[in-house]
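Participant: These protein sequences, in sequence, are chains U and X.
According to this note's numbering, the residues represented by the first sequence are -17 to 186, in order.
According to this note's numbering, the residues represented by the second sequence are 252 to 582, in order.
Virtual Cβ for every residue (Gly too), placed ideally from N, Cα, C.
Predicted model only: the values in this text are computed from it and were never measured.
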Amino acid sequence: MSLEQFKDRNVMQNYTYIPVDNPPVEPIEKFKQVVKRTFKGELFVGLWVVFREMVRFNIHTVKYPMEKLPISPRYRAVHKLYRLLESGNERCIGCGLCEKICIANCIRMDTRYDENQRKEVTEYTINLGRCIFCGYCAEVCPELAIVHGQRYENASEQRAHFVLRDDILTPLDFLKEGKQEEFDGFGAVSPNADERIKKTPLAY
Amino acid sequence: MTLTGFIIATVIKILVVLGVISALAGFGTYLERKVLAFMQRRLGPMHVGPYGVLQVAADGIKLFTKEDIVPQNSVKPIFKIAPIIGAATAFIALAAVPLLPEFEIFGITIHPIIADINVGVLFVLGVMASGLFAPLLAGMASSNKWGMLGAARTAIQLLSYEVVTGLSILAPLMLVGSLSLIDINNYQSGGFTDWIVWSQPVAFILFLIAGFAETNRTPFDLLEHEAEIVSGYATEYSGMRWGMFFIGEYANMITLGFLASLIFLGGFNDWGFIPGGLAIVLKVSFLFFFFLWTRAAWPHIRPDQLMWLCWKVLMPIAVINVVVTGIVMMM
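#1: Is the CB of residue 29(U) under 8 Å away from at least one CB in chain X?
#2: Look up residue 105(U) in the DSSP assignment and give the residues it is bridged to.
#3: Going by DSSP, name the residue or residues bridged to residue 135(U).
#4: With a Cβ-Cβ cutoff of 8 Å, do residue 284(X) and residue 296(X) count as a contact?
#5: Going by DSSP in three states, residue 549(X) sits in which element: helix, strand or coil?
#6: Which of the residues in the segment 547 to 561 of chain X, read from start to end, lie with their CB under 7 Å from any CB of chain U?
#7: Cβ atoms of residue 486(X) and residue 544(X): under 8 Å apart, would you say?
#8: Let's test the definition: count the other Cβ atoms within 10 Å of the Cβ of residue 349(X) and tell me whether it reaches 16, buried, or not, exposed.
#9: So what does residue 151(U) bridge to, in DSSP terms?
#10: Listing by chain order, which chain X residues have their CB less than 8 Å from the CB of residue 10(U)?
#11: Give the straight-line distance between the Cα atoms of residue 553(X) and residue 577(X), rounded to the nearest whole angstrom.
#12: Roughly how many whole angstroms lie between the Cα atoms of residue 45(U) and residue 526(X)?
#13: Check the DSSP bridge columns for residue 298(X) and list the partner residues they point to.
#14: Tell me which residue opens and which closes the beta strand (DSSP E) that residue 361(X) is part of.
#15: Span of the alpha helix (DSSP H) holding residue 343(X)?
#16: Looking at the secondary structure, which residues open and close the alpha helix (DSSP H) in which residue 372(X) lies?
#17: Assuming residue 289(X) and residue 26(U) make a contact with CB atoms under 8 Å, what is their CB distance in whole Å?
#18: Determine, for residue 39(U), whether the minimum Cβ-Cβ distance to residues of chain X falls below 8 Å.
#19: So, at 6 Å on beta carbons, what are the nonlocal neighbours of residue 522(X) in its own chain, with the 5 sequence-adjacent residues on each side left out?
#20: Using a Cβ-Cβ distance cut-off of 8 Å, determine whether residue 143(U) contacts chain X.
#21: Quick check on residue 270(X): buried or exposed, where buried means 16 or more other Cβ atoms within 10 Å of its Cβ?
#22: For the segment 423 to 452 of chain X, enumerate the residues whose C-beta is nearer than 7 Å to any C-beta of chain U, in chain order.
#23: Assign residue 23(U) to buried or exposed, taking buried as 16 or more other Cβ atoms, counted over all protein chains shown, within 10 Å of its Cβ.
#24: Taking CB distances under 8 Å as the criterion, tell me whether residue 2(U) reaches chain X.
#25: If you measure between the beta carbons of residue 41(U) and residue 292(X), is that distance less than 8 Å?
#26: Listing by chain order, which chain X residues have their CB less than 9 Å from the CB of residue 49(U)?
#27: In this structure, what does DSSP give as the bridge partners for residue 129(U)?
#28: For a contact meaning CB atoms closer than 8 Å, what does residue 294(X) contact in chain U?
#29: Relative to chain U, which residues along the segment 363 to 396 of chain X have a C-beta separation below 9 Å, given in chain order?
Here is the structure:
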């Protein structure tokens, strides 16, 4: 697609005009139209179509709370905070990039240096009442620590429920069972990342 | 049969008809929702009972326990009595309809008709026509502009289509020479080829079209056209009062199904190997299904198109049909 085509904002460009006959004016023409429509059997076409659909029984209903439609792996729902697979420590290094980039200003974090002079995240909250699920935090995170999950049913009785860190952080027992699946959605490393990596100039 | 026995038998028949038909009317709502859903690739009610068959019970509980609101500026006695007219006329009309062929139980021959009067057709059509007072009074009494519009549409639609019903049914009545539904049924006792629909196909189509208008079903569902006038005459009604309109509408559909089967489709005569009782149930079921079928397939029409259809098309055809029938009978 050329740039010219791409920038053409005229939405009518793909429309097809269906020719409509001028309504009849003469009484005899009106009468002919009525007779034509009466004996054309269009009403029976309608009856046949709905009857065919009933007999085919091709039901499209999804009984929502019991069954759900699959969603894309790149779907951006409630965030998850991941842990390192071996040690179980949090992946988050407290760099604060997500807090900086968040355009809805909904991420807040508090960090301190622990006894080994490593950054440790003490507080991490996402105000989901404010979050617009743009995905910038997941995209900017250098450690794949914050990602978007698939949990889109986030109705709640209290606003306080929208900020809980414990909710989005992978539980330890869950991690031990190996249930923390690597995220391949928004901001994740692409499947062929290894091939695309170029060695630094010093190596060759 | 003594007078006491006659009274007891009649009361029992009334109770049975009332119970069975209102139960069928309730079940009809379930069928309607299911059939419409299947035709639109949906599932319909699924959660109450197996495949949702007890949805009627859930709806009934809801209707009974809903708050019964009577609007402040309404004419209260008329507002309250209108739904009763709707349900009552629908059931009274069934009194002169023979529902099944005669059968014997405990050695007693039962005539499944409450009152075998010799002007059956006239009575049924008259009572069904007086049912138009229900939406008319309801709409006018509820002090609501949508109700008012619904009432106005009742007046034009039901009154106009009474003419077509009467004229279309006149031609078969001329053939039979009797207004009793049992006589009309016996006239067609010769089997499939004796059905009046073969000698009066135009009258049958006209009667069906007028029947759709009389029971205000789609495509002539103008009285409570949801897309235009909220709910028409029933806008201000809630709870059981609204439910009575609904039961009346479904009972009317069943009555009309019986009328069409008795007058045009051979009634409860044996149909090949099918016994008469089953035959009429099948015919009424098909006509009921046809009501739902058209609702899924056809769009509503405008009031002016409705009037145009009635006075400029259907009524002349009905008159011509009567005249042609008369000429053929004289020759």
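Facilitator: Taking the geometry as given:
#1: The residue you call residue 29(U) lines up with position 47 of the first sequence. Chain X places a beta carbon closer than 8 Å to that of residue 29(U), counting this residue as a contact.
#2: Numbered from its first residue, the first sequence carries residue 105(U) at position 123. Under DSSP, the beta-bridge partners assigned to residue 105(U) are 92(U).
#3: Against the first sequence, residue 135(U) aligns to sequence position 153. In the DSSP output, where bridge partners are listed per residue, residue 135(U) has none listed.
#4: Position 33 of the second sequence, counted from the start, is the residue given in the question as residue 284(X). Position 45 of the second sequence, counted from the start, is the residue given in the question as residue 296(X). Their beta carbons are under 8 Å apart, which means residue 284(X) touches residue 296(X) by this criterion.
#5: Mapped onto the second sequence, residue 549(X) falls at position 298. DSSP places residue 549(X) in the coil class of the three-state scheme, outside both helix and strand.
#6: Those would be 547, 548, 549, in chain order.
#7: As a first step, residue 544(X) is located in the second sequence; it is residue number 293 there, counting from the start. As a first step, residue 486(X) is located in the second sequence; it is residue number 235 there, counting from the start. Taking 8 Å as the Cβ cut-off, residue 544(X) and residue 486(X) do not qualify as a contacting pair.
#8: The count along the second sequence starts at 1 and reaches residue 349(X) at position 98. Label assigned to residue 349(X): buried.
#9: Locating residue 151(U) in the first sequence gives position 169, counting from the first residue. Answer is 63(U), bridged to residue 151(U).
#10: What you label residue 10(U) is simply residue 28 of the first sequence in a count that begins at 1. Going along chain X, no residue has its Cβ under 8 Å from residue 10(U), so there is no contact; the nearest lies around 15 Å.
#11: For this step, residue 553(X) is matched to residue 302 along the second sequence. For this step, residue 577(X) is matched to residue 326 along the second sequence. Taking the Cα positions, residue 553(X) is about 34 Å away from residue 577(X).
#12: As a position in the first sequence, residue 45(U) is number 63, starting the count at 1. As a position in the second sequence, residue 526(X) is number 275, starting the count at 1. CA-to-CA, the gap between residue 45(U) and residue 526(X) works out to about 42 Å.
#13: Looking up residue 298(X) in the second sequence gives position 47. DSSP output for residue 298(X) lists no bridge partner at all.
#14: For the purposes of this step, residue 361(X) is taken as residue 110 along the second sequence, with counting starting at 1. Boundaries of the beta strand (DSSP E) harbouring residue 361(X): 359 to 361, taken from the DSSP string.
#15: Start at 1 with the first residue of the second sequence, and residue 343(X) comes out as number 92. Run containing residue 343(X): 327 to 343, per the alpha helix (DSSP H) assignment.
#16: Here the question's residue 372(X) lines up with position 121 in the second sequence. From DSSP, the alpha helix (DSSP H) with residue 372(X) extends over 371 to 381.
#17: Here residue 289(X) is taken as the residue at index 38 of the second sequence, counted from 1. Here residue 26(U) is taken as the residue at index 44 of the first sequence, counted from 1. Their Cβ separation, rounded to whole angstroms, is 19 Å, which puts residue 289(X) and residue 26(U) out of contact at 8 Å.
#18: Numbered from its first residue, the first sequence carries residue 39(U) at position 57. Contact with chain X is found for residue 39(U), since one of that chain's Cβ atoms lies less than 8 Å from the residue's Cβ.
#19: What you label residue 522(X) is simply residue 271 of the second sequence in a count that begins at 1. Correct list, in chain order: 530.
#20: For this step, residue 143(U) is matched to residue 161 along the first sequence. No, because no Cβ of chain X sits closer than 8 Å to the Cβ of residue 143(U).
#21: As a position in the second sequence, residue 270(X) is number 19, starting the count at 1. Answer is exposed; the Cβ neighbour count stays below 16.
#22: Result list empty, no residue passes.
#23: By one-based count along the first sequence, residue 23(U) stands at place 41. Per the 10 Å Cβ criterion, exposed.
#24: Looking up residue 2(U) in the first sequence gives position 20. So no, residue 2(U) is outside the interface.
#25: For this step, residue 41(U) is matched to residue 59 along the first sequence. For this step, residue 292(X) is matched to residue 41 along the second sequence. Yes, these two residues count as a Cβ contact at 8 Å.
#26: Within the first sequence, the letter at position 67 stands for residue 49(U). Simply none; closest approach about 12 Å.
#27: In the first sequence, residue 129(U) corresponds to position 147, counting from 1. DSSP lists 62(U) as partners of residue 129(U).
#28: In the second sequence, residue 294(X) corresponds to position 43, counting from 1. What residue 294(X) touches in chain U, judged by beta-carbon distance under 8 Å, is 41, 43, 45, going in chain order.
#29: Taking 9 Å as the Cβ-Cβ cut-off, the segment 363 to 396 of chain X has no residue approaching chain U.
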